[in-house]
Every structure is written in C-alpha cells, then in structure tokens.
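Undergrad:
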Ligand SMILES: Nc1ncnc2c1ncn2[C@@H]1O[C@H](COP(=O)(O)OP(=O)(O)OP(=O)(O)O)[C@@H](O)[C@H]1O
Ligand SMILES: [Mg+2]
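Numbering (the working numbering), first residue to last: 30 to 424.
Right, dumping it as structure tokens:
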C-alpha cells in the first residue's frame, strides 16, 4: 500500500503490545531452559506431564517468553507428528475462575461447548476425556496465576496439579506453565500443592538499560523506516524504562508514542524531544497506595479510562468516551452508575492527584468537552493494578 502521508513508521503493528517477535533479545537462555523442561515431552509425549513456574517483575517478558515458547514447541511437535496443543490463558481475564478457564480450554476443542450444567471438576474430567479421545497433550499456560489463587485458593490449584496422580498408568495429558510476578502469591498454598508446583522455576531478572536498548533497537528495525529513530532517542527511552523497573512494555509503548509525536509534527525522525513530549504530560509515577485510597467509583471510572485508552491507543480521550467504558464496568460489578456531574467531580479529583491530566477543549458547536490524558503509566499496567485492587476490595 502506498502511504499518502509521511510517516516514520513502516509497520506500527510490530509495536503492538501483544505482538510476539521471532527473537527475544536477552531471553535466549530462559527460552532454551523452558524448551529443555519440555524436551522429554517431545520424545515420549504420553509418559510425562511437566510443571513450570515463570516469575519476574512487570514488563520483564514473562508473557511474551511463554508465547514464543508455545509457538516454537507446537511447531516442533508438528514436525514429529505429535498432537500437542499450547493454550495460553490469562487468568485475570477469566476473573480467576477455574470454571471459566477450563471452559475456555475445552472450547478450543469443542467451540460451542455449553457454559451451563457442569462444575469445574466435571469440566476437568471432560477435558481429559477429550484429550484421551484425541490422543492429545495440552500445555496450559496460566498467565497472571495470582488471580486464580486469589479467587479459588489452594483447592483449584490442587485439583489441577494432583490430577495426573489420580490417573496413574494412564497417558499424561496436561502440563502446566504458571506465570506470576511474585512467588509470594503461592506461599499461601498448602505445602504439598506448593511443592508439586515449585520444581521448575524460571526467574526473569529485570532488564538493564543496555538490554532495554537492545530490545528497543530490535523493534525499531521492524517498525520504523531506516534511521528514523535517533540513537539518543533510544537511550533516553531505555533510561526511562529502566527507571520504571526495567519494564520493556513501558519502553515499547513510549517508543510508539514518541513516533506518533514525530508524525504529528511532520518530522523525518523520532527525536529525544518527541520522547519528552510523550512523557511531558506525565506527572510523578503513580503509587499503588494512591490507587488504593481512591473512592470505589473513582476506581471504576479510572478503570474505564484505562480500558478506553487500551482500545483506542489515542493520546486523548473525552470524558464521555470514558463514561461508556465506565458504564460497562458498573454493569460487570452490578453497581449503579454515578451521574455525569458526579463523574466530572471524580475526574477532577483524579486530576488533582495527578493520576490523569485533564484539558478543556472546544468541540464543534456543542461547546466544550473535557479531554483526558493518561501520563506515564501504560493503560495496560493501570488496568492490571486497578483490577487487582478492585477484586481484592470486592472479596
Ligand atoms: N526480550 C524481549 N524482546 C522483545 N520484546 C520483549 C522482550 N521482553 C519483553 N518484550 C516486550 O515487552 C512487552 C512486555 O512484555 P510482557 O508482556 O511479556 O511482560 P510481562 O512480564 O508479562 O509483564 P506483566 O507482569 O505486566 O504481565 C511486550 O510487548 C513484549 O513483547
Ligand atoms: Mg504478562
């Protein structure tokens, strides 16, 4: 396609936060280790079920590492004629419910499997039955595993892990990869469940500034025109991402935003100033405690704002756009929505706390509208933090 406007980008989708690149700079060792844990499975698929834990801070590459692994091992299994399925589930997206998670796994085999009439345990045995029939093995990745533990406790995890032991002499069908930020979350499980889980742990260390620069440069070669991103720009972004705890997501998001600023200003290259603009609207990093102390509907509104930004990828959204997402969230939680005026007040409070920035803009003949900008924290991170806090509060 011929582009009609000038852009520093060649392919923005390579900066999409869900994009899984072919190479993962500085995660080779971990990827190989993960492969090694499962190599036995490729040789004797029915003889073994594996359990692995991946842990590391926000943006340390846990999700992308396991997805890369999933694609690689599926391809390898395909070559050897082994019926292996990699299924990646984000537990938080299924509100930590074992039933919903298992239903998702079952429906990858039987797409219209009914949602009613079964318990989680029944679903689990149905799944095994299906796998027996199809002579298949599933590697199930439970991403954001904390959410499952929080909601279901030891019990669910026990069911999943002990399952194979009740099937002695039968082929092994289900392996687990559990992803969590902090190993503390599994401390609350009973000792035996914990010990069956803990055998293989892969820890992802924080990325250093240089490592972040390498990751960014790799993405730049995929997403930008040659020489469109200055070297100084890369080091500035790497510096900022490094001070955000080595968060690669923060770096990639900032890189994309800086590129957008370059395009908006009609520049040929992404300069450090584009980066500064992208973070300038940004106030001091958000503290978790700040979020915890917000009123309940302030949290719901902020969650709406985060989701709206996540979907739109715009730099600014209007209050009424955010309000639509807020309304959906209220419905999820069975909460009565606050009025527009109340929401406007909540927004002022969020703004005075520096959580969001607001601006009043003129729109058409309808007069003024309040625009919201989300500085510093990525919409996805904010959504995660808030969801966790809200879930806890509700429980
Ligand atoms: N080594 C790497 N090479 C290329 N891209 C990477 C690498 N590590 C992380 N990324 C990218 O950085 C972003 C964040 O990584 P990812 O989502 O895997 O982090 P995470 O550890 O799962 O974070 P969270 O705890 O918030 O879920 C993703 O867009 C991912 O593609
Ligand atoms: Mg993740």
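Just so it is clear, CB atoms sit at the ideal spot from N, CA and C, and this is done for glycine as well.
Using a threshold of 7 Å, is the CB atom of residue 114 nearer than that to any non-hydrogen atom of ligand 1?
TA: For ligand 1, not one heavy atom lies less than 7 Å from the Cβ of residue 114.
Undergrad: Looking at the structure shown, is residue 81 part of a helix, part of a strand, or coil, going by DSSP?
TA: DSSP places residue 81 in the strand class (E or B) of the three-state scheme.
Undergrad: What residues does ligand 2 have around it, judged by CB closer than 6 Å to any heavy atom, in chain order?
TA: So the residues near ligand 2 by this Cβ test are 91, 92 and 172.
Undergrad: Taking just the CA atoms, how far does residue 103 sit from residue 180?
TA: 30 Å
Undergrad: Could you tell me the alpha carbon to alpha carbon distance between residue 376 and residue 327, rounded to whole angstroms?
TA: Cα-Cα distance, rounded: 8 Å.
Undergrad: On the DSSP letters alone, give me the boundaries of the alpha helix (DSSP H) that residue 425 sits inside.
TA: Limits of the chain in this structure are 30 at one end and 424 at the other, which puts residue 425 out of reach.
Undergrad: So, with DSSP's three-state summary, where would you put residue 230?
TA: strand
Undergrad: Closest Cβ-Cβ distance between residue 34 and chain D: below 8 Å?
TA: Reference to chain D is not applicable here, since this structure consists of a single protein chain.
Undergrad: Enumerate in chain order the residues of its own chain whose CB-to-CB distance from residue 411 is below 6 Å, with the five nearest sequence positions on each side excluded.
TA: 335
Undergrad: Is it buried or exposed, residue 313, if we count other Cβ atoms within 10 angstroms and call 16 or more buried?
TA: For residue 313, the predicted model reports a pLDDT of 41, less than 50, meaning its position is unreliable and no value from the coordinates is stated.
Undergrad: If you drop the 5 nearest sequence neighbours on each side, which residues of the same chain put their C-beta closer than 8 Å to that of residue 421?
TA: The answer, listed in chain order, is 179.
Undergrad: Quick one, which of 114, 257, 236 and 63 has its alpha-carbon nearest residue 271's?
TA: 236
Undergrad: Enumerate in chain order the residues of its own chain whose CB-to-CB distance from residue 242 is below 7 Å, with the five nearest sequence positions on each side excluded.
TA: 263, 264 and 267
Undergrad: Comparing the CB of residue 88 with every heavy atom of ligand 1, is any distance shorter than 7 Å?
TA: yes
Undergrad: For residue 354, which residues in the same chain have their Cβ closer than 6 Å to its Cβ, ignoring the five residues on either side in sequence?
TA: 333, 336 and 337
Undergrad: When every heavy atom of ligand 1 is checked, does at least one fall within less than 7 Å of the C-beta of residue 413?
TA: Residue 413: yes, Cβ under 7 Å from ligand 1.
Undergrad: Just verifying my parser: in three-state terms, what is the DSSP assignment at residue 100?
TA: helix
Undergrad: Here's the rule I'm using: 16 or more other beta-carbon atoms within 10 Å means buried, otherwise exposed. How should residue 232 be labelled?
TA: Exposed, since its Cβ has fewer than 16 Cβ neighbours within 10 Å.
Undergrad: For residue 121, does the three-state DSSP call read helix, strand or coil?
TA: helix
Undergrad: If distances are taken between C-alpha atoms only, which option among 63, 298, 77 and 291 comes closest to residue 200?
TA: 77
Undergrad: In terms of residue numbering, what span does the alpha helix (DSSP H) encompassing residue 171 cover?
TA: Here residue 171 belongs to no alpha helix (DSSP H); instead the beta strand (DSSP E) covers 166-172.
Undergrad: Below 8 Å between beta carbons: does that hold for residue 284 and residue 248?
TA: When the beta-carbon positions are compared, residue 284 and residue 248 come within less than 8 Å of each other.
Undergrad: Taking 7 Å as the cut-off, is the C-beta of residue 54 nearer than that to any heavy atom in ligand 3?
TA: The model on display carries ligand 1 and ligand 2 but not ligand 3.
Undergrad: What whole-angstrom Cβ distance do residue 380 and residue 386 have, given they're in contact under 8 Å?
TA: Contact annotation, residue 380 with residue 386: C-beta distance approximately 6 Å; criterion of less than 8 Å satisfied.
Undergrad: Under 8 Å, do residue 37 and residue 279 count as touching if we go by C-beta distance?
TA: no
Undergrad: Look at the alpha carbon of residue 311 and the alpha carbon of residue 305, and state the distance between them as a whole number of angstroms.
TA: With a pLDDT of 44 at residue 311, under the threshold of 50, the predicted position of this residue should be treated as unreliable, and no value is reported.
Undergrad: Note the first and the last residue of the continuous alpha helix (DSSP H) segment covering residue 178.
TA: 175-191
Undergrad: Any contact of the region 185-198 with the region 101-119, i.e. 3+ C-beta pairs under 8 Å?
TA: no
Undergrad: From what residue to what residue does the beta strand (DSSP E) around residue 406 run?
TA: Residue 406 -> no beta strand (DSSP E), and no H or E assigned at all.
Undergrad: Under the three-state reduction of DSSP, which class applies to residue 204: helix, strand or coil?
TA: strand
Undergrad: Indicate, with yes or no, if ligand 1 has a heavy atom lying under 7 Å from the CB of residue 99.
TA: no
Undergrad: The alpha helix (DSSP H) that contains residue 270, what's its start and end?
TA: Per DSSP, residue 270 belongs to the alpha helix (DSSP H) from 260-272.
Undergrad: Quick check on the DSSP output: the alpha helix (DSSP H) that includes residue 57 runs from which residue to which?
TA: 57-72
Undergrad: Any chance the region 161-177 sits against the region 203-219, with 3 or more Cβ pairs inside 8 Å?
TA: yes
Undergrad: For the candidate residues 417, 360, 286 and 329, whose alpha-carbon lies nearest to that of residue 42?
TA: Taking only the C-alpha atoms, the option nearest residue 42 is 286.
Undergrad: Output yes or no for whether 8 Å exceeds the beta carbon distance between residue 167 and residue 134.
TA: yes
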